[in-house]
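Engineer: Could you have a look at this structure, given as C-alpha cells, before my questions?
Number of protein chains: 4
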Amino acid sequence: MTIQSTPAPDWRVGQWFNTDRPLDLAGLRGRVVMLHAFQMLCPGCVSHGVPQAERVHRQYAQEGVVVLGLHTVFEHHAAMTPLALEAFLHEYRITHPVGVDVTVPGRTVPATMQAYAMRGTPTLILIDRAGHIRFHEFGRPEDLRVGLALGRLLAEPWPATPAVASPGGKDGAAGGCDETGCALPE
Amino acid sequence: MTIQSTPAPDWRVGQWFNTDRPLDLAGLRGRVVMLHAFQMLCPGCVSHGVPQAERVHRQYAQEGVVVLGLHTVFEHHAAMTPLALEAFLHEYRITHPVGVDVTVPGRTVPATMQAYAMRGTPTLILIDRAGHIRFHEFGRPEDLRVGLALGRLLAEPWPATPAVASPGGKDGAAGGCDETGCALPE
Amino acid sequence: MTIQSTPAPDWRVGQWFNTDRPLDLAGLRGRVVMLHAFQMLCPGCVSHGVPQAERVHRQYAQEGVVVLGLHTVFEHHAAMTPLALEAFLHEYRITHPVGVDVTVPGRTVPATMQAYAMRGTPTLILIDRAGHIRFHEFGRPEDLRVGLALGRLLAEPWPATPAVASPGGKDGAAGGCDETGCALPE
Amino acid sequence: MTIQSTPAPDWRVGQWFNTDRPLDLAGLRGRVVMLHAFQMLCPGCVSHGVPQAERVHRQYAQEGVVVLGLHTVFEHHAAMTPLALEAFLHEYRITHPVGVDVTVPGRTVPATMQAYAMRGTPTLILIDRAGHIRFHEFGRPEDLRVGLALGRLLAEPWPATPAVASPGGKDGAAGGCDETGCALPE
Numbered sequence: 014m015t016i017q018s019t020p021a022p023d024w025r026v027g028q029w030f031n032t033d034r035p036l037d038l039a040g041l042r043g044r045v046v047m048l049h050a051f052q053m054l055c056p057g058c059v060s061h062g063v064p065q066a067e068r069v070h071r072q073y074a075q076e077g078v079v080v081l082g083l084h085t086v087f088e089h090h091a092a093m094t095p096l097a098l099e100a101f102l103h104e105y106r107i108t109h110p111v112g113v114d115v116t117v118p119g120r121t122v123p124a125t126m127q128a129y130a131m132r133g134t135p136t137l138i139l140i141d142r143a144g145h146i147r148f149h150e151f152g153r154p155e156d157l158r159v160g161l162a163l164g165r166l167l168a169e170p171w172p173a174t175p176a177v178a179s180p181g182g183k184d185g186a187a188g189g190c191d192e193t194g195c196a197l198p199e
Numbered sequence: 014m015t016i017q018s019t020p021a022p023d024w025r026v027g028q029w030f031n032t033d034r035p036l037d038l039a040g041l042r043g044r045v046v047m048l049h050a051f052q053m054l055c056p057g058c059v060s061h062g063v064p065q066a067e068r069v070h071r072q073y074a075q076e077g078v079v080v081l082g083l084h085t086v087f088e089h090h091a092a093m094t095p096l097a098l099e100a101f102l103h104e105y106r107i108t109h110p111v112g113v114d115v116t117v118p119g120r121t122v123p124a125t126m127q128a129y130a131m132r133g134t135p136t137l138i139l140i141d142r143a144g145h146i147r148f149h150e151f152g153r154p155e156d157l158r159v160g161l162a163l164g165r166l167l168a169e170p171w172p173a174t175p176a177v178a179s180p181g182g183k184d185g186a187a188g189g190c191d192e193t194g195c196a197l198p199e
Numbered sequence: 014m015t016i017q018s019t020p021a022p023d024w025r026v027g028q029w030f031n032t033d034r035p036l037d038l039a040g041l042r043g044r045v046v047m048l049h050a051f052q053m054l055c056p057g058c059v060s061h062g063v064p065q066a067e068r069v070h071r072q073y074a075q076e077g078v079v080v081l082g083l084h085t086v087f088e089h090h091a092a093m094t095p096l097a098l099e100a101f102l103h104e105y106r107i108t109h110p111v112g113v114d115v116t117v118p119g120r121t122v123p124a125t126m127q128a129y130a131m132r133g134t135p136t137l138i139l140i141d142r143a144g145h146i147r148f149h150e151f152g153r154p155e156d157l158r159v160g161l162a163l164g165r166l167l168a169e170p171w172p173a174t175p176a177v178a179s180p181g182g183k184d185g186a187a188g189g190c191d192e193t194g195c196a197l198p199e
Numbered sequence: 014m015t016i017q018s019t020p021a022p023d024w025r026v027g028q029w030f031n032t033d034r035p036l037d038l039a040g041l042r043g044r045v046v047m048l049h050a051f052q053m054l055c056p057g058c059v060s061h062g063v064p065q066a067e068r069v070h071r072q073y074a075q076e077g078v079v080v081l082g083l084h085t086v087f088e089h090h091a092a093m094t095p096l097a098l099e100a101f102l103h104e105y106r107i108t109h110p111v112g113v114d115v116t117v118p119g120r121t122v123p124a125t126m127q128a129y130a131m132r133g134t135p136t137l138i139l140i141d142r143a144g145h146i147r148f149h150e151f152g153r154p155e156d157l158r159v160g161l162a163l164g165r166l167l168a169e170p171w172p173a174t175p176a177v178a179s180p181g182g183k184d185g186a187a188g189g190c191d192e193t194g195c196a197l198p199e
C-alpha cells in the first residue's frame with residue numbers, strides 16, 4: 014500500500030511481554046519501528062508475520078530497527094487471553110517485545126488496531142525515524158519487499174524529512190481467516 | 014520406530030470436535046487408523062503434524078483411513094483449554110475428528126498419552142485393521158514414509174494377521190519444545 | 014491417473030549412468046519399479062521429480078524398490094547431451110541409475126517415451142512385481158500419494174495377481190514448460 | 014561479507030542474452046547494480062541465486078535496480094556452453110540480461126570471476142550508483158538481507174559518496190558443490 018507520510022498514532026497497550034518497561038512512540042524517535050499486528054490463532058500470523066518480525070528483530074535490532082508485536086484480538090477473545098499469549102510467545106521462542114492492544118467496551122476491534130485503521134491480521138507497519146507511517150499492509154509482504162523498505166528507512170538521515178514513499182503492494186483479502194490472514198468484517 | 018504388533022489401547026476422550034458421536038477403537042475394526050497427538054501451542058504440531066493429518070484425512074478418508082487428532086495437553090493447561098482448541102480448529106480449518114485426552118488428577122500427562130507411552134507432541138501412531146499398533150513415532154515423519162506405511166496397511170486384507178513391521182525411523186529429541194516438537198521431561 | 018493393469022513395455026536405453034550393467038524389465042520381475050522420466054533442463058523435473066526419485070532410492074532401495082531415471086529429451090537436444098547429463102548427475106549428487114532414452118530418426122519424441130505414451134516431463138510410472146503399470150502420471154505427484162502407492166505395491170505378495178488400481182490423480186497441463194513440467198505439443 | 018567501498022572492475026562478456034546491446038559499468042553509473050554470478054548446473058544457483066535475481070529484476074527494475082547475470086563457468090565447460098545456457102534461460106523463464114564471462118586461455122577461472130575475486134557460485138555483488146562494490150558474498154544471502162542492502166543503496170542520493178558499509182554475512186564453504194553452491198578449489 015503506498016503511504017503518504019502520516020504521523021503514527023500512539024499505541025495503547027494493556028500488558029507487555031519481552032520488555033521490562035513500556036515502550037512508546039515518542040521514546041523511539043530517531044529509530045525505525047516495525048510494528049506488526051497479529052493474533053496468536055491467526056494462521057497467516059503464525060506462519061508468516063510473527064516469524065518474519067522475529068527474523069528482523071534478531072538480525073537488525075542492533076542496527077536501529079525496533080520490532081514491536083501488537084496482539085490485536087478481534088475474535089475468539091476467550092481463547093486468546095494474555096495468559097494464552099504468554100504461553101504462545103514461550104513455545105514459539107519469540108524474543109521481541111509484544112504488547113496487548115487494549116479492548117474498547119462495546120467494540121470488537123481493540124483501540125490501537127482502530128487508531129491505525131488496520132483491516133485484519135497480520136498487518137505490517139513501518140514507521141520512520143521522524144514518527145511517520147511509511148508502509149502499511151495487510152497480509153503477507155515478502156521478505157524482499159520488507160527488507161528493501163527497511164533499508165530505505167535506515168538510510169534516511171536523522172533528523173530529516175522523509176521524501177520517498179515505500180513501494181506499493183497488493184492489499185489483502187477481506188472477511189474471515191484464509192491463507193493470507195484474518196480480516197475484519199467490512 | 015519399528016513396532017512389533019501390539020494391541021492398541023483404548024483412548025479416553027472427554028470432549029469431541031468435528032464428529033457428532035464418540036469414536037472408539039472397537040468400532041473402527043477393519044479400518045486403518047491414523048492417530049496423531051498434538052498440542053495447539055506446539056510449533057512442530059501446528060506446522061507439521063496437524064496439516065499432515067488433515068491432508069491424509071482429505072485425500073484418503075474415502076479409501077478407509079480414519080484420521081483422529083488427540084489433544085494431549087501436558088503443559089500450559091490454562092492456555093490450551095477445550096474452548097481455545099475449538100477456536101484453533103476453526104481458524105486452521107481442521108475438518109477431521111479431534112478428541113481431548115482426559116487429564117488424570119495429580120498427573121501432568123493425560124490418560125491416553127500415558128497409555129500409549131508417548132514421549133511428547135507431535136506423535137504419530139498408525140493402527141492396522143485388526144487394532145494393532147504398527148507405527149509409533151515422536152517428531153516429524155515425512156509424507157513419503159507416512160504414505161508408504163499407510164499404503165502397506167491399506168493393502169492388508171481384512172480379516173488378516175499382520176506380517177510385516179513398518180520401516181524404522183529416528184526417535185525424536187527429549188526435553189521442552191524445539192523444531193521437532195514438545196517433549197515430556199524424562 | 015487411474016491405471017488398469019497394463020504390461021509395461023521394455024525401455025530402450027542408449028547409455029547408462031550410475032550402474033555398471035544395463036537394466037531391463039525382465040530382470041526386475043519381483044521388484045517394485047519406480048520409473049521417472051525427466052529432462053535435465055526441465056524446471057519441474059529438477060525441483061520435484063528428480064529429488065523425489067532420489068529420496069525414494071535412498072530410503073527404499075533396500076526394501077525392494079528399484080528407482081530408474083529415464084532421460085527423455087524431446088527439445089533442446091543439442092544442450093541436453095549425454096555429456097551434459099553426466100555433469101548434471103554429478104553436480105546434483107544423483108546416485109540412482111539413469112538411462113538415456115534412444116532417439117528415433119525423424120521423430121522428436123524418443124523411443125521409450127513414445128512406447129509409454131508419456132505426455133511430457135516429469136512423468137512418474139510405477140510398475141508392480143509382475144511387470145504391470147499401476148501408476149502413470151505427468152506432473153508433480155506429491156510424496157504422500159507416491160508413498161501410499163509404493164506401500165500398496167510393496168505389500169503385494171510375489172508371485173501374485175494385482176487386484177487394486179492406484180488412486181486417481183489430476184492430469185498435467187499441456188504445451189511447453191511451466192511450473193508443472195514440460196509438455197509435448199499435442 | 015563486509016565491504017569497504019571498492020571500485021567495481023569492468024566485466025568481460027563474450028555473449029549476451031536478454032538484451033539487445035552490451036551493458037558496461039560506465040553506462041550504468043547512477044544505477045544500483047545487482048550482479049549475480051552463476052553456473053547453469055550449480056544446484057545452489059538454480060534453486061536460490063538465479064530465482065532471487067529474477068525476483069529482484071521483476072519487482073525493482075523500474076525503481077532503478079539493474080540486475081545482471083554472469084555465467085562464470087569454471088567446471089564442466091563442455092556441458093555449459095552458451096547454447097546450453099540459452100536453453101536454460103528459456104526453460105527457466107529468465108528475463109534479466111545475462112552475459113557469458115570470457116574464458117582465459119590456460120586458466121580454469123574465467124576473466125570477470127577472477128577480476129572480482131569470486132570464490133565460487135552463486136556469488137552476489139551489489140554495486141552502488143557511483144560504481145563501488147558494497148556487497149560481495151558467496152553462497153545464499155537471504156531475501157531480507159539482500160532487500161535491506163538494496164534499499165540502502167537506492168536511498169543514496171546521486172551524485173553522492175557512499176558512507177555506510179553493508180551488514181556482514183557469513184562466508185560460504187570451500188571446495189566442490191554442496192547445498193550452498195559450487196566453490197573453486199583453494
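Heads up: the sequence lines are chains A, B, C and D, in that order. So in my numbering, the last spot in the first sequence is 199, and the numbers never skip. So in my numbering, the last spot in the second sequence is 199, and the numbers never skip. So in my numbering, the last spot in the third sequence is 199, and the numbers never skip. So in my numbering, the last spot in the fourth sequence is 199, and the numbers never skip. All residues carry an ideal CB built from backbone N, CA and C; glycine is no exception.
Give the residues from the region 152-170 of chain D that approach chain A closer than 9 Å (Cβ to any Cβ), ordered along the chain.
Structural biologist: For the region 152-170 of chain D, which is checked against every Cβ of chain A, the residues closer than 9 Å are E155, D156, L157, R158, V159, G160, L161, A162, L163, G164, R165, L166, L167, A168 and E169.
Engineer: Would you verify that the beta carbon of Q127(A) is, or is not, closer than 8 Å to some beta carbon of chain D?
Structural biologist: Answer no: the Cβ-Cβ gap between Q127(A) and chain D never drops below 8 Å.
Engineer: Look up P22(B) in the DSSP assignment and give the residues it is bridged to.
Structural biologist: DSSP, once it has assigned bridges, lists no residue as partnering P22(B).
Engineer: Could you pull the start and end residues of the alpha helix (DSSP H) that D156(A) belongs to?
Structural biologist: Looking at the DSSP string, the run of the alpha helix (DSSP H) that includes D156(A) is D156 to A168.
Engineer: Have a look at Y105(C), P95(C), R142(C) and I138(C) and flag the residue whose alpha-carbon is nearest the alpha-carbon of W171(C).
Structural biologist: Considering only alpha carbons, the answer is R142(C).
Engineer: Would you report the Cα separation of Q127(B) and P35(B), rounded to the nearest angstrom?
Structural biologist: For Q127(B) and P35(B), the distance between alpha carbons rounds to 20 Å.
Engineer: Who are D114(A)'s beta bridge partners in DSSP?
Structural biologist: Its beta-bridge partners are V26(A).
Engineer: Let me confirm a value: V45(B) is counted as buried when at least 16 other C-beta atoms fall within 10 Å, else exposed. Which label applies?
Structural biologist: By the neighbour-count rule (16 or more Cβ atoms within 10 Å), V45(B) is buried.
Engineer: Residues of chain C with CB closer than 7 Å to the CB of R209(B), please, in chain order.
Structural biologist: The structure shown has nothing for residue 209(B), since chain B only spans 14 to 199.
Engineer: Shortest alpha-carbon distance to E76(C) belongs to which of H90(C), Q52(C), A100(C) and M47(C)?
Structural biologist: If we check each option's Cα against that of E76(C), M47(C) comes out closest.
Engineer: Can you check whether the C-beta of L197(B) is within less than 8 Å of a C-beta belonging to chain A?
Structural biologist: L197(B) does not count as touching chain A.
Engineer: Which residues of the region 92-106 of chain B have a Cβ closer than 9 Å to any Cβ of chain A? Give them in chain order.
Structural biologist: From the region 92-106 of chain B, only A92, M93, T94, L96, A97, L98, E99, A100, F101, H103, E104, Y105 and R106 have a Cβ closer than 9 Å to chain A.
Engineer: Would you list, in sequence order, the uninterrupted beta strand (DSSP E) runs of no fewer than 3 residues that lie entirely inside the region 129-159 of chain B?
Structural biologist: You should have 136-140 and 145-151.
Engineer: Could you name the residues of chain A that V59(B) contacts, counting a contact when the two beta carbons are closer than 7 Å?
Structural biologist: Within chain A, the residues near V59(B) are V59.
Engineer: Interface residues of chain D around P56(C) at Cβ under 7 Å?
Structural biologist: Those are E104 and Y105, listed as they occur along chain D.
Engineer: Rounded to the nearest angstrom, what separates D23(D) and R120(D) at their Cα positions?
Structural biologist: Their Cα atoms are separated by approximately 19 Å.
Engineer: Where does T193(B) sit, in a helix, a strand or coil, going by DSSP?
Structural biologist: The answer is coil: DSSP assigns T193(B) none of H, G, I, E or B.
Engineer: Below 8 Å between beta carbons: does that hold for A8(C) and H109(C)?
Structural biologist: The structure shown does not extend to residue 8(C), since chain C is modelled only from 14 to 199, so the question has no answer here.
Engineer: Take the Cβ of T136(D) as the centre, count every other Cβ of all protein chains shown within 10 Å, and call the residue buried at 16 or more, exposed below.
Structural biologist: Its Cβ being crowded by 16 or more others within 10 Å, T136(D) is buried.
Engineer: At 8 Å on the CB atoms, spell out the chain B contacts of Q52(C), in chain order.
Structural biologist: Residues of chain B passing the Cβ test: none, with the nearest at roughly 23 Å.
Engineer: At the 8 Å Cβ level, is H89(B) part of the contact set with chain A, yes or no?
Structural biologist: Taking Cβ atoms only, chain A reaches closer than 8 Å to H89(B), which makes this a yes.
Engineer: Is G77(C) helix, strand or coil when you go by DSSP?
Structural biologist: Coil.
Engineer: Taking just the CA atoms, how far does L139(A) sit from H149(D)?
Structural biologist: Roughly 28 Å between the two C-alpha positions.
Engineer: Whose C-alpha, out of R158(B), E192(B), L197(B) and E99(B), is nearest the C-alpha of R29(B)?
Structural biologist: Looking at the sequence itself, residue 29(B) is Trp, so the reference to Arg does not match. Ranking the options by Cα distance to W29(B), first place goes to E99(B).
Engineer: Might you give, ordered along the chain, the residues of its own chain that have their beta carbon closer than 8 Å to the beta carbon of M53(B), omitting 5 neighbours on each side?
Structural biologist: So the list reads V59, H84, M93, A97, L98 and F101, once near-sequence residues are dropped.
Engineer: Where P56(A) and V113(A) are concerned, what is the direct C-alpha to C-alpha distance, given to the nearest angstrom?
Structural biologist: If I take the Cα positions, the gap works out to 18 Å.
Engineer: For a test of the three-state rule: what should DSSP assign to F87(A), helix, strand or coil?
Structural biologist: Three-state result, F87(A): coil.
Engineer: Once you ignore the five residues that flank K183(B) on each side, which residues in its own chain have a CB closer than 8 Å to its CB?
Structural biologist: Bear in mind that a pLDDT of 37 at K183(B), under 50, signals an unreliable position, so the number given afterwards is only what the model happens to contain. Cβ neighbours of K183(B) beyond the five flanking positions: G152.
Engineer: Run through the region 35-79 of chain B for me and flag every whole beta strand (DSSP E) of 3 or more residues, listed as ranges in chain order.
Structural biologist: Listed in chain order, they are 45-51.
Engineer: Count the other CB atoms, across all protein chains shown, that sit within 10 Å of the CB of G160(C); report buried if there are 16 or more and exposed otherwise.
Structural biologist: By the neighbour-count rule (16 or more Cβ atoms within 10 Å), G160(C) is buried.
Engineer: Let me know if H90(C) comes out buried or exposed under the rule of 16 or more other beta-carbons within 10 Å of its beta-carbon.
Structural biologist: Classification for H90(C): exposed.
Engineer: Note down, in chain order, each residue of its chain lying with its Cβ closer than 7 Å to the Cβ of T32(C), except the 5 sequence neighbours on either side.
Structural biologist: Once the five neighbours on either side are set aside, the close Cβ partners of T32(C) are P110.
Engineer: So, is E169(B) buried or exposed, given that buried needs 16 or more other C-beta atoms within 10 angstroms?
Structural biologist: By the neighbour-count rule (16 or more Cβ atoms within 10 Å), E169(B) is buried.
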